[in-house]
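Enquirer: Sharing a structure here in structure tokens format.
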Amino acid sequence: MVAVTLWGSLAAVAGGKDKLDIEAKDIRELFRKLAEQYPAFEPFIDRGIAVAIDGTIYRDTWSKELPEGAEIFLLPRLAGG
Amino acid sequence: MNFDPRLTNRSFTSVGTRPVRPDGIDKVTGRARYGADFNMAGQLVGRVLRSPHAHAVIRGINTSKAEALPGVKAVITAADLPDLTNGDSAMYDILDNCMARKKALYDGHAVAAVAAIDARTARQALKLIEVDYEVLPHVTDVDEAFQHGAPLINDAVFTEGLEEKPVKPSNVTKRTQYGHGDVHKGFAEADTIVERSFKTEQTHQGYIEPHACVASVSADGMAELWVCTQGPFVYRQHCAQLLGMEASKLRVTSSEIGGGFGGKTHVWAEPVALALSRKAGRPVKLVMTRDEVFRASGPTSATSIDVKIGARKDGTITAAEATLRYSCGPYPGMWAEIGAMTSFACYRLENVKTVGFEVLVNRPKTAAYRAPSAPMAAFAVESAIDELAKKVGIDPVEFRIKNAAQEGTRASYGPVYGPIGIGPTLEAVKNHPHMKAPLAKNQGRGMACGFWFNFGGQTCVDLNIGMDGSVSLAVGTVDVGGSRASLSLVAAEELGIDYSQVKAIVADTSSLGYNDMTDGSRGTFSSSMATISAARNAIKILRERAAQMWDIPVDDVTWEKGHAIAKGEKYGNLSPLSLKEIAAQSGTTGGPIAGHSELVADGAGVSFATHICDIEVDPETGSTRVLRYTVVQDAGKAVHPTYVEGQYQGGAAQGIGWALNEEYIYGKDGRLQNAGFLDYRIPVCSDLPMIDTQILEIPNPNHPYGVRGVGETSIVPPLAAIANAVSNAVGVRMTHIPMSPPRILAALEASASAHDA
Amino acid sequence: MAGVAVSTTINGDHVEYLCQPDETLLDVLRDRLGLTGAKEGCGTGDCGACSVIVDDRLVCSCLVLGAEAEGRRIETIEGMAHGEKLHPLQQKFLEHAALQCGICTPGFLIAAKDLLTKNPDPTEEEIRFGLAGNLCRCTGYDKIVRAVQDAASVMRG
Numbered sequence: 001m002v003a004v005t006l007w008g009s010l011a012a013v014a015g016g017k018d019k020l021d022i023e024a025k026d027i028r029e030l031f032r033k034l035a036e037q038y039p040a041f042e043p044f045i046d047r048g049i050a051v052a053i054d055g056t057i058y059r060d061t062w063s064k065e066l067p068e069g070a071e072i073f074l075l076p077r078l079a080g081g
Numbered sequence: 001m002n003f004d005p006r007l008t009n010r011s012f013t014s015v016g017t018r019p020v021r022p023d024g025i026d027k028v029t030g031r032a033r034y035g036a037d038f039n040m041a042g043q044l045v046g047r048v049l050r051s052p053h054a055h056a057v058i059r060g061i062n063t064s065k066a067e068a069l070p071g072v073k074a075v076i077t078a079a080d081l082p083d084l085t086n087g088d089s090a091m092y093d094i095l096d097n098c099m100a101r102k103k104a105l106y107d108g109h110a111v112a113a114v115a116a117i118d119a120r121t122a123r124q125a126l127k128l129i130e131v132d133y134e135v136l137p138h139v140t141d142v143d144e145a146f147q148h149g150a151p152l153i154n155d156a157v158f159t160e161g162l163e164e165k166p167v168k169p170s171n172v173t174k175r176t177q178y179g180h181g182d183v184h185k186g187f188a189e190a191d192t193i194v195e196r197s198f199k200t201e202q203t204h205q206g207y208i209e210p211h212a213c214v215a216s217v218s219a220d221g222m223a224e225l226w227v228c229t230q231g232p233f234v235y236r237q238h239c240a241q242l243l244g245m246e247a248s249k250l251r252v253t254s255s256e257i258g259g260g261f262g263g264k265t266h267v268w269a270e271p272v273a274l275a276l277s278r279k280a281g282r283p284v285k286l287v288m289t290r291d292e293v294f295r296a297s298g299p300t301s302a303t304s305i306d307v308k309i310g311a312r313k314d315g316t317i318t319a320a321e322a323t324l325r326y327s328c329g330p331y332p333g334m335w336a337e338i339g340a341m342t343s344f345a346c347y348r349l350e351n352v353k354t355v356g357f358e359v360l361v362n363r364p365k366t367a368a369y370r371a372p373s374a375p376m377a378a379f380a381v382e383s384a385i386d387e388l389a390k391k392v393g394i395d396p397v398e399f400r401i402k403n404a405a406q407e408g409t410r411a412s413y414g415p416v417y418g419p420i421g422i423g424p425t426l427e428a429v430k431n432h433p434h435m436k437a438p439l440a441k442n443q444g445r446g447m448a449c450g451f452w453f454n455f456g457g458q459t460c461v462d463l464n465i466g467m468d469g470s471v472s473l474a475v476g477t478v479d480v481g482g483s484r485a486s487l488s489l490v491a492a493e494e495l496g497i498d499y500s501q502v503k504a505i506v507a508d509t510s511s512l513g514y515n516d517m518t519d520g521s522r523g524t525f526s527s528s529m530a531t532i533s534a535a536r537n538a539i540k541i542l543r544e545r546a547a548q549m550w551d552i553p554v555d556d557v558t559w560e561k562g563h564a565i566a567k568g569e570k571y572g573n574l575s576p577l578s579l580k581e582i583a584a585q586s587g588t589t590g591g592p593i594a595g596h597s598e599l600v601a602d603g604a605g606v607s608f609a610t611h612i613c614d615i616e617v618d619p620e621t622g623s624t625r626v627l628r629y630t631v632v633q634d635a636g637k638a639v640h641p642t643y644v645e646g647q648y649q650g651g652a653a654q655g656i657g658w659a660l661n662e663e664y665i666y667g668k669d670g671r672l673q674n675a676g677f678l679d680y681r682i683p684v685c686s687d688l689p690m691i692d693t694q695i696l697e698i699p700n701p702n703h704p705y706g707v708r709g710v711g712e713t714s715i716v717p718p719l720a721a722i723a724n725a726v727s728n729a730v731g732v733r734m735t736h737i738p739m740s741p742p743r744i745l746a747a748l749e750a751s752a753s754a755h756d757a
Numbered sequence: 001m002a003g004v005a006v007s008t009t010i011n012g013d014h015v016e017y018l019c020q021p022d023e024t025l026l027d028v029l030r031d032r033l034g035l036t037g038a039k040e041g042c043g044t045g046d047c048g049a050c051s052v053i054v055d056d057r058l059v060c061s062c063l064v065l066g067a068e069a070e071g072r073r074i075e076t077i078e079g080m081a082h083g084e085k086l087h088p089l090q091q092k093f094l095e096h097a098a099l100q101c102g103i104c105t106p107g108f109l110i111a112a113k114d115l116l117t118k119n120p121d122p123t124e125e126e127i128r129f130g131l132a133g134n135l136c137r138c139t140g141y142d143k144i145v146r147a148v149q150d151a152a153s154v155m156r157g
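Shown next as structure tokens:
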């Protein structure tokens with residue numbers, strides 16, 4: 001089980017909840033379960049969601065494991081210069 | 001491929017040295033080929049017709065006269081770039097920005113294009129195109145566009161992210177929010193509160209090389225595109241999608257790039273050049289003029305930001321809040337959101353809240369500019385922090401040290417930090433001789449901090465070992481400032497050979513797998529990771545070949561300092577085999593030796609910098625002079641320290657221009673009034689002092705050598721550092737960037753009349 | 001429009017070309033003669049990327065007509081090195097990493113060469129004002145100034 005914190009706009013889609021407990025072993029499973037639970041997440045996942053696992057931001061490695069008890073923070077995927 | 005990117009303790013031989021770059025000779029002899037330096041047989045000249053109106057319906061376009069002009073080979077409008085975006089709104093916006101479809105949305109918006117036998121014929125043809133415009137009311141100012149009743153840029157826009165879905169359309173595309181804790185409670189605990197509003201004007205990346213490309217579409221549907229870009233693979237994807245081609249049929253070659261800073265991450269003219277070539281059946285060269293670069297490509301957002309910060313008597317910040325409005329041009333963006341994320345990232349805050357609003361205006365589509373959105377937010381926050389420190393009566397550096405984020409701090413944008421460099425940069429600044437140097441009358445010193453995320457992303461590298469033992473390194477991240485040198489150093493380091501044995505090139509899109517762009521300070525971070533991985537894969541093969549040559553098990557062969565070593569006493573009389581010796585035998589031991597790597601370089605470490613600046617202000621004229629400037633920034637590990645210094649100095653110089661001079665000036669007619677380097681004045685050599693640098697190395701735990709990106713953070717602190725310096729020099733808080741002489745004079749006069757009253 | 005026949009000297013070589021009366025020297029160099037070392041950054045004489053020397057005078061070649069080259073001596077970046085031997089300025093620009101993207105480099109080298117011809121021992125301020133007609137957006141000028149100082153010292157011997 002990991003505790004997932006959502007950023008503002010995503011929390012609105014989750015019915016105002018900014019914290020969710022989800023059973024997921026990696027980022028891919030996390031996204032799958034989020035999309036199952038909240039279909040409105042899908043366009044956000046398509047647009048790009050970055051996942052901070054204990055402070056380190058992952059943008060593309062969906063196979064990244066989510067350690068038990070890890071703090072997971074979802075962020076929008078950003079543009080750079 | 002298994003690759004462990006974690007930091008390992010090691011000493012370096014090549015990394016950290018400062019050799020001459022491999023592309024240097026071509027660049028000092030004029031041989032290097034940039035976007036406009038390439039030609040093809042039978043090539044035509046492309047030119048774009050642009051809207052003179054800030055906002056207008058395009059009722060019709062008559063191209064018949066232009067088509068009839070001798071020497072004109074193709075004329076295109078939006079009809080020649082049909083919408084193939086299939087509901088992808090971001091791609092549709094790119095398409096619409098490349099060639100206006102129903103409305104012209106800003107002065108400079110492309111409405112038609114021609115290809116002709118020479119530039120003069122092309123220019124004449126543009127004059128013969130008749131566009132029937134219905135001019136609409138426009139809005140170019142971010143605060144005016146934010147108001148109810150402002151001219152609507154897109155009546156299908158209903159603000160996202162509000163608790164209640166709005167019933168009326170507006171120019172605000174999205175509201176976003178970040179933070180944690182309870183700011184009301186926090187402000188109630190504060191002894192002192194500073195609350196201020198700030199504005200920053202729109203600036204351009206100002207790369208010296210205008211956008212340029214040569215496009216060639218053949219009758220069989222194959223196409224080539226030579227172009228100056230930060231991301232040939234992304235350009236390929238976007239162009240292929242917009243033109244309805246398979247990506248593999250479009251080969252994109254990135255030329256040498258004459259500066260990008262985020263402005264060459266977007267396609268502008270490239271799909272137009274391809275469409276012209278497709279219609280004309282000949283190659284087309286399309287080069288923007290400087291006027292077009294300013295009017296139609298890349299600027300960053302103009303912003304309007306409100307900040308409120310409270311602190312206790314002891315200097316502890318109890319709450320911080322910011323509302324940020326960023327202009328996006330006429331298409332939605334996430335620029336205010338990035339501002340909202342980065343605003344307070346330097347600090348350890350219990351109660352913080354930031355709200356961003358994305359605002360549409362009739363200006364060119366906002367593009368990324370070096371740590372996009374962060375400099376403006378830092379200007380507002382770091383100005384308020386300075387003022388708060390003064391009110392509380394604590395030295396601004398000490399105040400920041402007291403409140404600085406550290407390992408374990410929850411960042412204002414959400415996650416908890418790992419090892420970070422904000423504290424060490426502040427300590428370095430505190431102890432820097434610059435902070436103790438005397439100041440004269442009308443002079444002021446300012447300092448400020450800055451943060452940027454840094455990216456990793458998809459990366460691909462080929463490392464080929466020639467029979468003579470020399471190494472070709474093909475990378476897919478465009479070299480914007482010396483990365484071929486730094487990546488050659490990394491390959492040399494990992495293989496244990498000399499830098500001079502490695503030659504790095506930037507590959508085209510048909511020769512290498514997909515790579516994300518050179519953006520987000522990712523070039524050296526991600527491609528060095530892939531280079532290390534590719535080199536380790538090559539070493540595995542080198543060991544196998546040495547084992548064959550010796551006829552011993554591969555497990556008994558190790559790799560040290562560029563040589564295969566047979567380990568164990570039983571091999572005592574086998575002398576080590578050098579990479580060169582193994583390479584020479586490769587034909588008979590299994591063929592060419594190479595190492596490849598395809599990976600996602602995630603785990604880019606966040607980056608912090610602190611800058612110090614001394615300014616002299618002439619109170620008679622309001623003119624300013626930068627006397628001294630110091631950059632302190634964490635690089636994780638500086639691969640080629642000279643080019644790291646170059647990034648620090650270059651970002652500071654751009655920030656100085658932004659702080660003191662540069663701005664887009666629009667007339668009441670919605671037209672840009674200063675679309676040239678004479679009137680949009682970027683810093684020249686005589687405007688600046690030497691820019692001192694101090695590189696800190698707090699290793700990134702997610703990179704084998706500890707490397708962090710270094711390209712962008714250096715532009716984040718200058719706006720605030722200079723504003724603090726000017727404010728200290730004149731005794732008036734400056735709240736509007738750029739601090740051009742008229743603005744400084746106005747601030748001085750306002751302050752004087754307030755004192756008189 | 002009828003072309004103008006021009007006979008001139010470029011980097012010591014006799015060159016003849018035909019150009020339009022309204023064609024700039026920069027366009028002639030780049031498009032007719034294949035000398036693409038001079039760059040067009042603005043086309044209005046503000047950036048200096050197209051700097052060349054005409055009869056010992058530093059000019060923006062975007063502000064000179066191709067026809068005006070008649071009978072003159074023109075020096076471009078392509079003529080700065082002698083064969084494989086780089087000019088000291090070129091060498092010092094490499095050593096000091098006085099270039100990042102490199103688009104402004106040919107213009108800076110030509111302008112610096114002109115400066116050192118006229119003032120072999122310039123102060124930092126003289127270098128900064130001497131090169132103020134050339135824009136660089138990457139380096140912040142620090143390493144460019146140092147490279148010119150170092151080259152000047154080498155050239156003085």
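Chains A, B and C are the protein sequences, given in the same order. Heads up, the first sequence is in the UniProt record's numbering, so the first residue is 1 and it goes up one at a time. Heads up, the second sequence is in the UniProt record's numbering, so the first residue is 1 and it goes up one at a time. Heads up, the third sequence is in the UniProt record's numbering, so the first residue is 1 and it goes up one at a time. Beta carbons are placed, not taken as given, at the ideal position from N, Cα and C, and that holds for glycine. Keep in mind the model is a prediction, meaning the values are calculated, not measured.
Could you name the residues of the same chain whose beta carbon sits closer than 6 Å to that of K92(C), not counting the 5 residues immediately before and after it, in chain order?
Expert: A147, D150, A151, listed in sequence order.
Enquirer: List, in chain order, every chain B residue whose beta-carbon is nearer than 9 Å to that of Y58(A).
Expert: Going along chain B in sequence order, the residues near Y58(A) (Cβ under 9 Å) are G456, V600, D602, G603.
Enquirer: Pop quiz: G646(B) and A97(C) are said to be a contact at Cβ under 8 Å. What is the actual Cβ separation, rounded to whole angstroms?
Expert: With a Cβ gap of about 6 Å, G646(B) and A97(C) count as contacting.
Enquirer: To which residues does DSSP link F608(B) through a beta bridge?
Expert: Partner(s): F451(B).
Enquirer: Since T176(B) meets chain A, which of its residues come closer than 7 Å, beta carbon to beta carbon?
Expert: Those within 7 Å of T176(B) in chain A are G8, S9.
Enquirer: Give me, in chain order, the residues of the same chain whose beta-carbon lies closer than 6 Å to that of V135(B); leave out the 5 immediate sequence neighbours on both sides.
Expert: Hits under 6 Å: H53, A56.
Enquirer: Report the residue ranges of all alpha helix (DSSP H) runs contained in full by the stretch 653-712 of chain B; include only those spanning at least 4 residues, in chain order.
Expert: Whole alpha helix (DSSP H) segments, 4+ residues: zero.
Enquirer: Distance, Cα to Cα, A145(B) vs E40(C)?
Expert: Each residue's Cα considered, the two are about 36 Å apart.
Enquirer: Expressed to the nearest angstrom, what Euclidean distance is found between the alpha-carbon atoms of Q90(C) and V28(B)?
Expert: Near 6 Å, if we compare the C-alpha coordinates of V28(B) and Q90(C).
Enquirer: Do you know offhand how far H148(B)'s Cα is from L388(B)'s?
Expert: For H148(B) and L388(B), the distance between alpha carbons rounds to 33 Å.
Enquirer: Of the residues Y571(B), G418(B), P375(B), which one's Cα is nearest the Cα of F198(B)?
Expert: If we check each option's Cα against that of F198(B), P375(B) comes out closest.
Enquirer: Is G140(C) close to chain B? Criterion is C-beta to C-beta, closer than 8 Å.
Expert: Taking Cβ atoms only, chain B reaches closer than 8 Å to G140(C), which makes this a yes.
Enquirer: Is Q458(B) helix, strand or coil by DSSP?
Expert: Note: Q458(B) maps to strand in three-state DSSP.
Enquirer: DSSP state of C138(C), grouped into three classes?
Expert: In this structure, C138(C) counts as coil in the three-state DSSP scheme.
Enquirer: Assess, as a yes-or-no matter, whether the stretch 38-50 of chain B is touched by the stretch 277-290 of chain B under the definition of 3 or more beta carbon pairs within less than 8 Å.
Expert: Yes: at least three Cβ pairs fall under 8 Å.
Enquirer: Which residues in the same chain as T693(B) place their Cβ atom closer than 7 Å to its Cβ, once the five residues preceding and following it in sequence are excluded?
Expert: Excluding positions up to five away in sequence, the list reads V631, E645, Y648, Q649.
Enquirer: Pull out every residue of the stretch 691-705 of chain B whose Cβ sits closer than 7 Å to any Cβ of chain A, in chain order.
Expert: Within the stretch 691-705 of chain B, the residues whose Cβ lies closer than 7 Å to some Cβ of chain A are N702, listed in chain order.
Enquirer: What do you get for F12(B), buried or exposed, if any count of 16 or more other CB atoms within 10 angstroms of its CB means buried?
Expert: Under this definition F12(B) is an exposed residue.
Enquirer: According to DSSP, what are the bridge partners of E20(A)?
Expert: As written in the sequence, residue 20(A) is Leu, which differs from the Glu given in the question. Bridge partners of L20(A): V4(A).
Enquirer: From the DSSP secondary-structure annotation, give me the bridge partner or partners of W559(B).
Expert: Answer is A564(B), bridged to W559(B).
Enquirer: Please list the partners that R370(B) has in chain A, where partner means a Cβ-to-Cβ separation under 8 Å.
Expert: By Cβ distance, chain A contributes G81.
Enquirer: Quick check: the Cα distance between L349(B) and L599(B), rounded to an integer number of angstroms?
Expert: Going by the C-alpha atoms only, they are around 36 Å apart.
Enquirer: Is H640(B) closer than 8 Å to A530(B) when the C-beta atoms are compared?
Expert: Contact: no.
Enquirer: With distances taken from CA atoms, which of M91(B), P415(B), G281(B) is nearest I117(B)?
Expert: Nearest of M91(B), P415(B), G281(B) to I117(B), Cα basis: G281(B).
Enquirer: E78(C): buried (16+ other C-beta within 10 angstroms of its C-beta) or exposed?
Expert: Classification of E78(C): buried, given that the 10 Å Cβ count is 16 or more.
Enquirer: With distances taken between CB atoms, is the gap from R312(B) to E189(B) smaller than 8 Å?
Expert: For R312(B) and E189(B), yes; Cβs fall inside 8 Å.
Enquirer: Pair every Cβ in the stretch 589-599 of chain B with every Cβ in the stretch 435-448 of chain B, then say whether three or more of these pairs are closer than 8 Å.
Expert: No, they do not touch.
Enquirer: Buried or exposed: which applies to I612(B), given that a residue is buried once 16 or more other Cβ atoms fall within 10 Å of its Cβ?
Expert: Under this definition I612(B) is a buried residue.
Enquirer: If Q351(B) sits next to V183(B), beta carbons under 8 Å apart, how far is it from one beta carbon to the other, in whole angstroms?
Expert: For the sequence presented, residue 351(B) should be read as Asn rather than Gln. That belief holds up - the Cβ atoms of N351(B) and V183(B) are roughly 5 Å apart, short of 8 Å.
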